[in-house]
Amino acid sequence: MTTDPTKLIPSESPEPTTQTKAPLGVTQLLVIVLLGFMVYWASGYIDDNGGRFDPIVYEPYGSTNDLAAFFATDDGAAARGKTVFKTFCAPCHMESGLGDSTRFIPPLAGSEWVNTDGPNRIVRIVLNGLQGPITVKGQSYGGAAMLPWRDVLNDQDIAAVLTYVRSEWGNKGAPVTPEDAKKVREATAARSENWTADELLKVPDKD
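Oh and the sequence shown: position 29 is 28 in numbering that gives the first Met the number 0, straight run, nothing missing.
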C-alpha cells in the first residue's frame with residue numbers, strides 16, 4: 000500500500016498583502032518636536048532681544064522701551080536730563096562734556112552751539128542729527144556724524160537733556176522747555192536728513 004506524498008503536505012497559497020509605510024519612530028518624532036521648539040524659541044528670542052534692529056539699542060537692552068525705563072520721573076527735569084545724557088550722549092561727548100577729538104566729536108562744555116540765547120539750533124541737532132564739518136571753540140570737527148533722536152526722545156526728554164547740557168560744565172544757557180522742543184519738532188516734521196552747520200547758521204537761535 001502506497002501513500003500519495005502530495006496528500007501529506009497541505010497546500011498553502013500566499014495570502015494577498017498590502018504594503019504600508021512604517022510609522023514614524025520615537026526618535027524621528029522627538030527630532031521633529033525638538034526642531035519645532037527651537038524655531039519657536041528663536042522667534043521669541045529675536046522678538047524680545049532684537050531691539051527691532053535699531054542701531055541705538057545694544058546689549059544688555061532689548062528695546063528703546065528698556066532704555067526709557069532708566070529715565071527719572073520723580074526727581075525733576077535736572078535728574079531726568081542727566082539720565083538721558085548718560086544714556087544717549089555721554090558715549091560720544093563723554094560725561095565730562097569735553098567730547099573726543101580722536102573721534103572728531105566736539106565738546107559741549109563751553110560750546111558756542113550750546114550757549115546760544117535760544118534753543119532753536121540745538122533742538123534741531125538733537126532731532127535730526129548733524130553731518131559734515133562743524134567748528135566749535137575755534138577747532139574744526141568733520142569726521143563724525145551725530146545720530147538723530149527724533150523717534151527716540153520725546154519733547155520732555157529733549158527739553159530735560161538740553162537744559163542739563165546748557166547748565167553743566169560752566170555753560171550758561173537758559174533752560175529749554177518741552178514747548179520749545181515741540182515747536183521745533185513740528186516745524187521740522189517734514190525733514191528726514193541730518194543738518195549741516197551751514198544750514199543751522201541760517202536758523203535764528205531764538206524766535
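All C-beta atoms in this analysis are idealised placements derived from N, C-alpha and C, irrespective of residue type, glycine included.
Close-in-space but distant-in-sequence residues of the same chain around residue i (CB under 7 Å, 5 per side omitted)
| i | result |
| --- | --- |
| Arg120 | Trp112, Leu199, Val202 and Asp204 |
| Ala143 | Arg102, Phe103 and Ile104 |
| Ala186 | none |
| Glu167 | Gly96 |
Spatial neighbours of residue i in its chain, beta-carbon cut-off 6 Å, leaving aside the 5 residues before and after
| i | result |
| --- | --- |
| Asp73 | Note that Asp73 scores a pLDDT of 43, beneath 50, so its modelled location is shaky; the value from the coordinates is reported in the next line. Counting only Cβ-Cβ distances below 6 Å, and skipping sequence neighbours, we find nothing. |
| Gly117 | Asp204 and Lys205 |
| Pro174 | Thr162 |
Identified DSSP bridge partners for residue i
| i | result |
| --- | --- |
| Gln138 | Val135 |
| Asp99 | Ile104 |
| Lys129 | Note that residue 129 is Leu in the sequence shown, not Lys. According to DSSP, which records beta bridges pairwise, Leu129 is partnered with Met145 and Trp194. |
With 16 other Cβ atoms within 10 Å as the buried cut-off, status of residue i
| i | result |
| --- | --- |
| Arg51 | Residue placement at Arg51 is poorly supported in this model, since its pLDDT is 49, which falls under 50; the coordinates still yield a value, given next. By the 10 Å Cβ count, Arg51 comes out exposed. |
| Asp197 | exposed |
| Ile31 | exposed |
| Val241 | Outside the modelled stretch of the chain, which goes from 0 to 206, sits residue 241, for which no answer is possible. |
| Ser191 | exposed |
Contact under 9 Å by Cβ, residue i with residue j
| i | j | result |
| --- | --- | --- |
| Asp154 | Pro132 | no |
| Gln138 | Ser100 | yes |
| Ala159 | Ala89 | no |
| Met145 | Leu129 | yes |
| Val122 | Asp179 | yes |
| Asn193 | Asn127 | yes |
| Val135 | Ser110 | yes |
Same chain only: Cβ atoms within 8 Å of residue i, ignoring 5 sequence neighbours per side
| i | result |
| --- | --- |
| Ala189 | none |
| Thr115 | Ile121, Gly172, Asp204 and Lys205 |
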